[in-house]
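**Q**
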Amino acid sequence: VKEMNDFSFKEIHLDIEPDAVLNTNITAMNLLVDTIKAVKNATTKDISLSIHPRYLSGISVKDKNDLANLKLKEIVVMMYSNNTEKVVENMKSILKDTNGLNIALAQSVEKNVNAGESYSSSDHKEFINAIHKIENELSSTGLKIVYIQSWEDYGKGD
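Residue 3 is where the sequence shown starts when you use the working numbering, and the numbers rise one by one after that.
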């Protein structure tokens, strides 16, 4: 990470899957927080994070405070689902539980994931309508932005 300080990047975006490197003596959230602290100690750049919704659903007050204390630029919830109603329902719960954190959402149009996890089989109009619905239903609850994963696949759509 220190080597990245030589580049003119504005921020570092971490995409961490704590369960992939979890050891039995530490919780996934503790590992995540400790990893982010280590990165923050190695750079002065802003840090944002991509995270699976399971780490924020029903988050404890302690874990929410730990994330808040990290002063992350943004936390992007990587919600792989093309079920708009379910995405809205899950995000409402997460946004309520994480009130005060800078939460964003990522939706997938990737072609290399399961059909129910991506809008890749939707035409552009269907996809845009779904994203508008998500934005409209969640904008008053604290959602900052919806990201599209991946732009390259989106550009290859119908």
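By construction, the Cβ of each residue, glycine as well, lies at the ideal position given by its N, Cα and C atoms.
Hey, ASP48 and LYS75: beta-carbon distance below 8 Å or not?
**A** Stepping through the sequence shown from its first residue, residue 48 is reached at position 46. Stepping through the sequence shown from its first residue, residue 75 is reached at position 73. Yes; because the gap between Cβ atoms is below 8 Å, this pair is in contact.
**Q** Is the beta carbon of SER52 less than 8 Å from the beta carbon of LEU16?
**A** Reading the sequence shown from its first residue, position 50 is the one you call residue 52. Reading the sequence shown from its first residue, position 14 is the one you call residue 16. The answer is yes: Cβ separation under 8 Å.
**Q** Taking only runs of the beta strand (DSSP E) that begin and end inside the segment 63-149, which ones reach a length of at least 3 residues, in chain order?
**A** With a minimum length of 3 residues, the continuous beta strand (DSSP E) runs that stay inside the segment 63-149 are 76-80 and 105-110.
**Q** Return helix, strand or coil for GLU13, following the three-state DSSP convention.
**A** For the purposes of this step, residue 13 is taken as the residue at position 11 of the sequence shown. Reduced to three states, the DSSP call for GLU13 is strand.
**Q** Please classify ILE61: does DSSP put it in a helix, a strand, or coil?
**A** For the purposes of this step, residue 61 is taken as residue 59 along the sequence shown, with counting starting at 1. Reduced to three states, the DSSP call for ILE61 is coil.
**Q** Between the C-alpha atoms of SER152 and GLY118, what's the straight-line distance to the nearest angstrom?
**A** Start at 1 with the first residue of the sequence shown, and residue 152 comes out as number 150. Start at 1 with the first residue of the sequence shown, and residue 118 comes out as number 116. Each residue's alpha carbon lies about 16 Å from the other.
**Q** If we count the other Cβ atoms within 10 Å of its Cβ and call it buried at 16 or more, is ASN7 buried or exposed?
**A** Counting from 1 along the sequence shown, the entry for residue 7 is found at position 5. Its Cβ having fewer than 16 others within 10 Å, ASN7 is exposed.
**Q** Identify, in the order they occur along the chain, each residue of the same chain with its Cβ nearer than 7 Å to the Cβ of ILE61, setting aside the five sequence neighbours on each side.
**A** The count along the sequence shown starts at 1 and reaches residue 61 at position 59. Taken in chain order, the residues that qualify are ASP99 and THR100.
**Q** Tell me the rounded alpha-carbon separation between LEU34 and ILE96.
**A** Stepping through the sequence shown from its first residue, residue 34 is reached at position 32. Stepping through the sequence shown from its first residue, residue 96 is reached at position 94. Spanning the two alpha carbons is a distance of roughly 18 Å.
**Q** Excluding the five sequence neighbours on either side, which residues of its own chain have a C-beta within less than 6 Å of the C-beta of ASN116, listed in chain order?
**A** In the sequence shown, residue 116 corresponds to position 114, counting from 1. Within the same chain, ASN116 has no close Cβ partners at all.
**Q** Which of the three DSSP states, helix, strand or coil, is assigned to ILE38?
**A** Position 36 of the sequence shown holds residue 38. Of the three classes helix, strand and coil, the one that applies to ILE38 here is helix, per DSSP.
**Q** On the CB-based measure, 16 or more other CB atoms within 10 Å of its CB, does SER110 come out buried or exposed?
**A** Start at 1 with the first residue of the sequence shown, and residue 110 comes out as number 108. With 16 or more Cβ atoms within 10 Å of its Cβ, SER110 is classed as buried.
**Q** Beta-carbon separation of ASN84 and SER124 under 8 Å?
**A** Residue 84 sits at position 82 when you count from the first residue of the sequence shown. Residue 124 sits at position 122 when you count from the first residue of the sequence shown. Against a cut-off of 8 Å, the Cβ pair of SER124 and ASN84 comes out as a contact.
**Q** Could you name the residues of the same chain whose beta carbon sits closer than 8 Å to that of GLU137, not counting the 5 residues immediately before and after it, in chain order?
**A** Walking along the sequence shown from the start, residue 137 turns up at place 135. So the list reads LEU145 and VAL148, once near-sequence residues are dropped.
**Q** If the criterion is Cβ atoms closer than 8 Å, does the pair VAL78 and SER50 meet it?
**A** Looking up residue 78 in the sequence shown gives position 76. Looking up residue 50 in the sequence shown gives position 48. Their beta carbons are under 8 Å apart, which means VAL78 touches SER50 by this criterion.
**Q** Do you know how far the Cα of ALA108 is from the Cα of VAL89?
**A** By one-based count along the sequence shown, residue 89 stands at place 87. By one-based count along the sequence shown, residue 108 stands at place 106. Each residue's Cα considered, the two are about 10 Å apart.
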